[in-house]
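The numbers in this note's numbering rise by one with no breaks, and the one at position 115 of the sequence shown is 1094.
Only one structure is covered here, and it is reproduced in the block below.
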Amino acid sequence: MRLLPSIIVALSIAASASATDPQLFIYRNDSRFNQLSLSDSTAISHDLEASDISRHSLQADEITVPLDAIDSCVVRHTYIPTLHFRFTDYPEATGLWDKELYLNATLDVTGYGYVDDQPGLTLSVKGRGNSTWSMPKKPIRLKFDKKTALCGFKKAKSYALLANYLDHTHLRNALSMWLAQRIGVPYANHTMPCNVIINDTPQGLFLLTEKIGINAGSVDIDEETGILVELSTEFDEPHQFRSSLYQMPVMVKDPDFDELYEDDPDGLTPSQRLSLWYDDFNNAERKVASGKGFDAFDLEAFVKYIMLYNITANLELQHPKSLYIHKLALGDDNKYIFGPAWDFDVAYNMVNPAGPQYAQNSPTLPFKGMALINKLTSTPGFLEAYRIEFENFVENIYPDMLQFIDSYAALIQPAAKLDGLRWTASEPIGSWAYRIPSFKAETYIPVFRQWIQDRITFLSSRVADGKF
């Protein structure tokens, strides 16, 4: 009975607050969770007639919640946006099933005061991802016919929705992209949490972000002269090569060499372009091997990139996977630049397949990279530049990082609970990860936050000893 006055007060505040429908979140102790939009037509009442207190309930529209099942209620006037897709040709579909086939769709964005509403957008969607595509909750690629400023992002034709199925905190990618921006990693992505619905079937909590590529919303360079490559063991792009010295799997992410040739049949053929960039990259590798790597790779960008991956304990650089590098033009007058940063699913205190009892990666994991990166980190000039950058991080960015964790976790907590109800499995993912649902995300955040603090303590001691 003690909860009733607080509920009534919360609702009276909500009724007079703003034009945007407030959201009532009911935190329960019976492994359920309720979210209710408090529109003018919503009727809320509580039943005090039953003699048995366990039968007393808070009733709203068609939802009835026993009072003894309620831990607390929170009303918010700003909630994360909802992206509701309707597949034009497959109205009965309950999710995506193909990452090659684009499906015609409409999209209604309900901003909840976080962003503007955008009803009736037309686009096409398909699945995306490599290892993440094989998981039950599917990541999504969005493609518009013309550049569109979706949810306040810079205008672009393509966007990505990250599923974060492995992340029981829903923080890894969002925090990493925020940190990349603050550190100054070139062309760092922006992010926005959102709930996704497909044909009225909830899909859970996703992270909207730019699709990495050469465009104004991502890597803003001239595609006629520049290049964006991805180093990845996936090695599945149409135009790719293995470097001659370090055997790096170099894939051309952008531009599309075939499209450039179609636009200019008198110009270079795709194979000629690839040959020129093959020679250029191998020339850069030779400089790395001779101890002059920063004549070919930008030192400042490399230091910031490595520091980001070291702070987050991202393990992808040792393969490598999802490692992006860009260059403005061929030749020695321009250097290769590390960035943008991408893919932090296998990072931080990820849980390994040992079991569900937080068999998490240690905060004292040493940095691991492949041969090219390890040679660059041992090149004169790197350690001193790293020390300066890390000390600036600890003094000026780290406190804000902890605040971001707290505020972002509070913002997405209701959506994380609903995601945990939608995707309930605790399961091993291959031999490299263990998946935990996010229903109890609020209890995982302090563990995550403490891991960050322990990680920074460890890295600070390394820097004090002249290491990284």
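The beta-carbon is built from N, C-alpha and C at its ideal position, and this holds for glycine as well.
LEU1100 sits close to LEU1086, with the two beta carbons spaced by under 9 Å. Per DSSP, the continuous beta strand (DSSP E) segment holding GLU1209 begins and ends at 1206 to 1210.
Only residues of its own chain outside the window of five on either side were considered, and among them LEU1296 have a CB closer than 7 Å to the CB of TYR1288, listed in chain order. In the DSSP assignment, PHE1066 falls within the beta strand (DSSP E) that extends over 1061 to 1066. Per the coordinates, the alpha-carbon of ARG1414 lies some 16 Å from the alpha-carbon of PRO1118. For LEU1253 and LYS1126, the gap between their C-alpha atoms comes out near 28 Å. LYS1134 and GLY1205 have their C-alpha atoms roughly 21 Å apart.
Its chain contains PHE1437 as the residues whose beta carbon lies nearer than 6 Å to that of THR1343, once the 5 sequence neighbours on both sides are disregarded; these appear in chain order. When Cβ pairs closer than 8 Å are counted between the two stretches, the region 1276 to 1283 is seen to touch the region 1158 to 1171, the count reaching three or more.
Looking from the CA of THR1073, the closest CA among ASP1259, ASN1168, ASN1178 belongs to ASN1178. The residues LEU1287, THR1291, ASN1293, ALA1320, PHE1323, ALA1326, in chain order, have a CB closer than 8 Å to that of SER1155 in the same chain once the five nearest residues on each side in sequence are set aside.
In this structure, DSSP gives ASP1398 a helical state, which the three-state scheme calls helix. Remark: C-beta atoms of TYR1377 and ILE1435 approach each other more closely than 9 Å. Note that the C-beta distance between LYS1283 and PHE1317 is below 9 Å. Under the three-state reduction of DSSP, PHE1004 is assigned to strand. Of all alpha-carbon atoms in GLN1339, ASP1201, GLY1272, TRP1112, the one lying nearest the alpha-carbon of SER1357 is that of GLY1272. TYR1058 is not a Cβ neighbour of PRO1425, given a cutoff of 9 Å. Between ASP1146 and LYS1136, the C-beta spacing is not below 9 Å. Of VAL1442, PHE1369, SER1341, the smallest CA-CA separation from PHE1427 is found for SER1341. Taking all protein chains shown into account, THR1148 has 16 or more neighbouring C-beta atoms within 10 Å of its C-beta and is therefore buried. Looking from the CA of LEU1080, the closest CA among THR1067, SER1103, HIS1056 belongs to SER1103.
With fewer than three CB-CB distances shorter than 8 Å, the region 1356 to 1375 does not count as touching the region 1183 to 1191. Per the coordinates, the alpha-carbon of PHE1236 lies some 34 Å from the alpha-carbon of PRO1115.
Rounded to the nearest whole angstrom, the C-alpha separation of ASP1000 and VAL1054 is 10 Å. In the displayed model, PRO1172 falls within a strand according to three-state DSSP.
In the DSSP secondary-structure assignment, ALA1084 is bridged to PHE1066, LEU1102. For TYR1413, no alpha helix (DSSP H) encloses it; the enclosing beta strand (DSSP E) starts and ends at 1412 to 1414.
Take ILE1304, set aside five residues on each side of it, and the residues of its chain with a beta-carbon closer than 6 Å to its own are VAL1208, TYR1315, PHE1317, in chain order. Boundaries around MET1156 are those of the alpha helix (DSSP H), 1151 to 1162, since no beta strand (DSSP E) includes it. By the criterion of a C-beta distance shorter than 7 Å, CYS1130 is surrounded in its chain by PRO1060, VAL1088, VAL1094, MET1171, LEU1187, once the five residues flanking it on both sides are discounted. If you draw a straight line from the Cα of TYR1144 to the Cα of ARG1401, it comes to about 11 Å. For the set LEU1140, LEU1003, VAL1330, the Cα lying nearest the Cα of TRP1112 is the one of LEU1140.
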